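Below is one structure, written out as structure tokens; comments come after it.
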Amino acid sequence: MNKEERHKLILENLISAESIQVAELASLLSVSTVTIRKDLTELENANKLYRSHGRAILANPYINNRSVNEKEKLARREKEHIGQYAATLVEPADSIVIASGTTVQAFARAIHPQGRLTVISASLQVSEILGGNEDVDLFQLGGTVRHSSLSVVGKSAETMLADFSCSKLFLGVDGIDLDFGITTTDIREAELNQAMMRCAQKTIVLADSSKFRRRGFSKIANITDVDMVITDSNVPDTIARRFEENGIELHIVDLPVQP
3 MNKEERHKLI
13 LENLISAESI
23 QVAELASLLS
33 VSTVTIRKDL
43 TELENANKLY
53 RSHGRAILAN
63 PYINNRSVNE
73 KEKLARREKE
83 HIGQYAATLV
93 EPADSIVIAS
103 GTTVQAFARA
113 IHPQGRLTVI
123 SASLQVSEIL
133 GGNEDVDLFQ
143 LGGTVRHSSL
153 SVVGKSAETM
163 LADFSCSKLF
173 LGVDGIDLDF
183 GITTTDIREA
193 ELNQAMMRCA
203 QKTIVLADSS
213 KFRRRGFSKI
223 ANITDVDMVI
233 TDSNVPDTIA
243 RRFEENGIEL
253 HIVDLPVQP
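The letter at position 217 of the sequence shown is residue 219 when you use this note's numbering, and the numbering goes up by one with no holes.
This is the structure:
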């Protein structure tokens, strides 16, 4: 087997698995671990995989902080449909917390309250979307404005949340790793998200499929601390199966076929 054939098989195995150990690849391809490490180095340099702790994964799981304007251009269709599905979970006379991010903005745009709705918002843009709706009683959290996300963070916002009790938190995240948990790129945002989880009876994560197998700098919570995850139908089957095996509620929103 030549190098090109090994590289092809390595990538095919990574597509069907979340990760694979160097020793497993060496055994599978009947070559030495030295040869596999050289192959993985070449594939990593070509941005086709990422090496971590003696194993290979399909993509670099670590996320850099990006502005909300950049994020808004990514996975727009997926976010729109996730937001529309999430809006069906808002009940009459509900009280909810909405965190920050472009996916929860799509959710806010899809909200059409049945009667009164109480919303606590960390996002300035979510507040702008809902602020003109006379059926929404809106509480904008105060604190330090995080410019990249146009949302507030800090102790002022966390202290304010201690006085509220809501039915649901709708949470956007930067990464979902089934082993590490749900994450964001900013420690202050992670701390505020944790306070939001404490004041809500149920935590619902809204995340398009690109967020899976990714990690931000700051951990918000373990995946088992989440009540529900809503994503799109591009989520890999291997991830969906792991959610099912771990008893975690995963709602997959079908995307319409594009003409």
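Quick reminder that beta carbons are idealized off the backbone N, C-alpha and C, glycines included.
Values in this document were obtained by computation on a predicted structure and should not be read as measured data.
Tell me whether residue i, by its Cβ, gets closer than 7 Å to a heavy atom of the ligand ADP.
i      : result
Leu140 : The ligand content of the structure shown is nil, which means the ligand ADP is not present either.
To the nearest angstrom, how far is the alpha carbon of residue i from that of residue j?
i      : j      : result
Asp210 : Val228 : 16 Å
Lys5   : Thr90  : 51 Å
Ser158 : Glu93  : 29 Å
Ser235 : Ile241 : 12 Å
Leu257 : Ser29  : 39 Å
Thr205 : Arg78  : 23 Å
Gln116 : Ala95  : 7 Å
Leu126 : Ile98  : 16 Å
Gln107 : Leu152 : 11 Å
Asp41  : Leu208 : 36 Å
Ser129 : Val255 : 25 Å
Arg148 : Asp188 : 9 Å
Val259 : Met162 : 44 Å
Arg190 : Thr35  : 42 Å
Ala192 : Val121 : 20 Å
Let me check one thing: in DSSP terms, what residues is residue i bridge-paired to?
i      : result
Gly183 : Asp179
Cys265 : The requested residue 265 does not occur in the structure, where the chain is confined to residues 3 to 261.
Ala197 : Ala197 pairs with nothing; no bridge assigned.
Phe214 : Ile178
Lys221 : Thr185
Ser235 : According to DSSP, Ser235 bridges with nothing at all.
Ala58  : Ile22, Arg53
Val207 : Leu173, Val231
Using a threshold of 8 Å, state whether the C-beta atoms of residue i and residue j are closer than that.
i      : j      : result
Arg111 : Gly85  : yes
Leu16  : Ala48  : no
Thr185 : Gly218 : yes
Glu46  : Arg39  : no
Phe2   : Phe166 : With the chain represented from 3 up to 261, any question about residue 2 goes unanswered, as that position is not in the structure.
Ala124 : Leu143 : yes
Ile178 : Ile222 : no
Ser169 : Gln196 : no
Leu27  : Met3   : no
Asp176 : Arg215 : no
Provide the residue span of the alpha helix (DSSP H) that contains residue i, from first to last.
i      : result
Thr105 : 104 to 112
Asp227 : Segment: none, Asp227 is in no alpha helix (DSSP H) and carries neither H nor E.
Glu44  : 35 to 47
His83  : 78 to 89
Ser97  : Ser97 -> not in any alpha helix (DSSP H); beta strand (DSSP E) instead, spanning 97 to 100.
Gln127 : 126 to 132
Ser158 : 157 to 163
Arg244 : 239 to 247
Leaving out five residues before and five after residue i in sequence, what residues of the same chain have Cβ atoms less than 6 Å from its Cβ?
i      : result
Gly103 : Gly174
Met230 : Ile206, Glu251
His253 : Ile232
Could you tell me the boundaries of the beta strand (DSSP E) in which residue i lies?
i      : result
Leu31  : Note, Leu31: premise wrong, no beta strand (DSSP E); alpha helix (DSSP H) at 24 to 31.
Leu254 : The sequence shown places Ile at residue 254, not Leu. From DSSP, the beta strand (DSSP E) with Ile254 extends over 251 to 255.
Asp139 : 138 to 142
Ser54  : 52 to 54
Leu119 : 119 to 123
Val147 : 146 to 148
Considering only residues of the same chain and omitting the five flanking positions on each side of residue i, which have a CB-CB separation below 7 Å?
i      : result
Gly133 : Leu140
Thr146 : Val154, Val155, Gly156
Arg244 : Leu180
Ile22  : Asn15, Leu16, Arg57, Ala58
Beta-carbon within less than 8 Å of residue i's beta-carbon, same chain only, minus the 5 sequence neighbours each way: which residues are those?
i      : result
Asn248 : Leu180, Ile225, Thr226
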